[in-house]
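Each residue of the sequence shown is one higher than the one before, starting from 1 at the first, in this note's numbering.
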Amino acid sequence: MNDLIPPPNDLNPEEDGHPQRPSSWNPQAWFRQLPDHREFLEQLPNPISREGVTDFFGEAHVDASTAVHAFLASMVWGYGPVGYGAYRTKRVLGLNLDAGERLRRVVAVARDDGPIPAFRVIARNRLTYLGPAFGTKFLYFATRANRAAHGDRTAPVLDQVVRRWFLLHADVRLDGTWSVANYERYVGLLEHWGDELGISSDHVEEIVFERQVARNSGRTTPPQSPTGVEDDAGDGDPLEALRVVIAQKRARLDEATEHLDALAEILGSS
Numbered sequence: 001m002n003d004l005i006p007p008p009n010d011l012n013p014e015e016d017g018h019p020q021r022p023s024s025w026n027p028q029a030w031f032r033q034l035p036d037h038r039e040f041l042e043q044l045p046n047p048i049s050r051e052g053v054t055d056f057f058g059e060a061h062v063d064a065s066t067a068v069h070a071f072l073a074s075m076v077w078g079y080g081p082v083g084y085g086a087y088r089t090k091r092v093l094g095l096n097l098d099a100g101e102r103l104r105r106v107v108a109v110a111r112d113d114g115p116i117p118a119f120r121v122i123a124r125n126r127l128t129y130l131g132p133a134f135g136t137k138f139l140y141f142a143t144r145a146n147r148a149a150h151g152d153r154t155a156p157v158l159d160q161v162v163r164r165w166f167l168l169h170a171d172v173r174l175d176g177t178w179s180v181a182n183y184e185r186y187v188g189l190l191e192h193w194g195d196e197l198g199i200s201s202d203h204v205e206e207i208v209f210e211r212q213v214a215r216n217s218g219r220t221t222p223p224q225s226p227t228g229v230e231d232d233a234g235d236g237d238p239l240e241a242l243r244v245v246i247a248q249k250r251a252r253l254d255e256a257t258e259h260l261d262a263l264a265e266i267l268g269s270s
């Protein structure tokens, strides 16, 4: 039973002086991979915060194109500066011809019925190459935008970083699948701990994520962007792995080119 597990000592919110910082991202990498969406991507702030992403989910239940834009915002936030994020996002949208409508449906269920029913919908109608780690990022913002209608409940992110923390600090093994029972257990624990600590369940998840990231990197403060990126695609395909590496190299080249252009401008004006 979830209510038999007290909040681990590591969750003391009074010790949490570093809320998650906004995600920095590389616009050029996203423009190149998703040229049809450049006009929308240019509207995204850089860096982009959780609050900034949520703003794009208010009307995402209305039509497929708005849902795709909301999805893009959540993926930009989730991948941050990771070079292959734009490629993987393009792959999800490109290999699922009805991706926009399926994403819209998830947001509509999140709006009307709440977190767990929305998870059930995305789990049963999975998009190719969208695993739980990034699928729950999209789902989180869909529920966050409608939390007032569902007693402040959300569907928090469940990725590798969070699962690692649960194993180490709560002795709870959560799998990285679309299991509804697994996710219900996770949400139940977060909500129980949030009630005990006087904070929301997604605030609990944010503390969990930042504490584990800080430990993984040896930092005493969290990084500027989410770094819990894992292989969410389940490729198992050497050719796909090579494509991911190439996408990452191209993103780094774009970034280097921007720096060189800026340096050339400085030298030219001196």
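Glycine included, every Cβ here is placed at the ideal spot set by N, Cα and C.
Check your understanding: Taking the C-alpha atoms as reference points, what is the distance between Leu-93 and His-192?
Key -> Mapped onto the sequence shown, residue 93 falls at position 93. Mapped onto the sequence shown, residue 192 falls at position 192. Looking at the two C-alpha atoms, the distance is approximately 36 Å.
Check your understanding: Counting Cβ pairs closer than 8 Å, one from the region 136-145 and one from the region 118-127, do we hit at least three?
Key -> yes
Practice item. Can you check DSSP and say which residues form a bridge with Ile-48? Key: For this step, residue 48 is matched to residue 48 along the sequence shown. In DSSP, Ile-48 forms a bridge with Ser-23.
Exercise for review: Please say whether Val-204 and Gly-194 have beta carbons closer to each other than 7 Å?
Suggested key: By 1-based counting over the sequence shown, the position of residue 194 is 194. By 1-based counting over the sequence shown, the position of residue 204 is 204. Yes, the pair counts as a contact, with Cβ atoms nearer than the cut-off.
Exercise for review: Assign Tyr-140 to one of three DSSP states: helix, strand, or coil.
Suggested key: Counting from 1 along the sequence shown, the entry for residue 140 is found at position 140. It is helical.
Exercise for review: Would you check if the distance between the CB atom of Glu-206 and the CB atom of Gln-20 is smaller than 7 Å?
Suggested key: Here residue 206 refers to the residue found at position 206 of the sequence shown. Here residue 20 refers to the residue found at position 20 of the sequence shown. Yes; because the gap between Cβ atoms is below 7 Å, this pair is in contact.
Check your understanding: Helix, strand or coil: which one does DSSP assign to Leu-130?
Key -> Taking the first residue of the sequence shown as 1, we reach residue 130 at position 130. In this structure, Leu-130 counts as coil in the three-state DSSP scheme.
Review point. Nearest-angstrom Cα distance between Ser-65 and Phe-134?
Key: One-based indexing of the sequence shown puts residue 65 at position 65. One-based indexing of the sequence shown puts residue 134 at position 134. Between Ser-65 and Phe-134, the C-alpha separation is close to 19 Å.
Review point. Can you give, in chain order, each stretch of the alpha helix (DSSP H) that sits fully within the region 76-138 and has at least 4 residues?
Key: 85-95, 99-113, 115-124
Check your understanding: Buried or exposed: where does Gly-198 fall if 16 or more other Cβ atoms within 10 Å of its Cβ makes it buried?
Key -> For the purposes of this step, residue 198 is taken as residue 198 along the sequence shown, with counting starting at 1. By the 10 Å Cβ count, Gly-198 comes out exposed.
Review point. Candidates Arg-105, Arg-50, Val-62: which alpha carbon is nearest Gly-78's?
Key: Residue 78 sits at position 78 when you count from the first residue of the sequence shown. Closest option to Gly-78, judged by alpha-carbon separation, among Arg-105, Arg-50, Val-62: Arg-50.
Check your understanding: Under the three-state reduction of DSSP, which class applies to Trp-178: helix, strand or coil?
Key -> By one-based count along the sequence shown, residue 178 stands at place 178. Coil at Trp-178, not helix or strand.
Review point. Beta-carbon separation of Pro-6 and Ala-170 under 7 Å?
Key: Sequence index remark: in the sequence shown, residue 6 carries index 6 (1-based). Sequence index remark: in the sequence shown, residue 170 carries index 170 (1-based). No, Cβ-Cβ distance for Pro-6 and Ala-170 is not below 7 Å.
Practice item. Put Ala-155 into one of helix, strand or coil per three-state DSSP. Key: The sequence position of residue 155 within the sequence shown is 155, counting from 1. In this structure, Ala-155 counts as coil in the three-state DSSP scheme.
Practice item. Kindly list the residues whose CB is nearer than 7 Å to the CB of Gly-100, restricted to its own chain and excluding five residues on each side of it in sequence; keep chain order. Key: On the sequence shown, position 100 is the one that residue 100 refers to. Within the same chain, Gly-100 has close Cβ partners Ala-64, Ser-65, Ala-67, Val-68.
Review point. Does DSSP put Gln-160 in a helix, in a strand, or in coil?
Key: The residue labelled residue 160 in the question sits at position 160 within the sequence shown. Correct three-state label for Gln-160: helix.
Exercise for review: Return helix, strand or coil for Asn-146, following the three-state DSSP convention.
Suggested key: As a working note, residue 146 is residue 146 in the sequence shown. DSSP places Asn-146 in coil when its eight states are reduced to three.
**Study point:** Local Cβ density within 10 Å of Ala-181, reported as buried at 16 or more and exposed below that
**Key:** Residue 181 sits at position 181 when you count from the first residue of the sequence shown. With fewer than 16 other Cβ atoms within 10 Å, it is exposed.
Review point. What separation, rounded to the nearest whole angstrom, lies between the Cα atoms of Thr-220 and Phe-209?
Key: Here residue 220 is taken as the residue at index 220 of the sequence shown, counted from 1. Here residue 209 is taken as the residue at index 209 of the sequence shown, counted from 1. Caution is warranted here: a pLDDT of 41 is assigned to Thr-220, below 50, making its placement in the model unreliable, and no coordinate value can be reported.
**Study point:** Euclidean distance between Cα positions of Leu-95 and Ala-148
**Key:** Within the sequence shown, numbered from 1, the residue matching residue 95 stands at position 95. Within the sequence shown, numbered from 1, the residue matching residue 148 stands at position 148. Those two C-alpha atoms are separated by around 34 Å.
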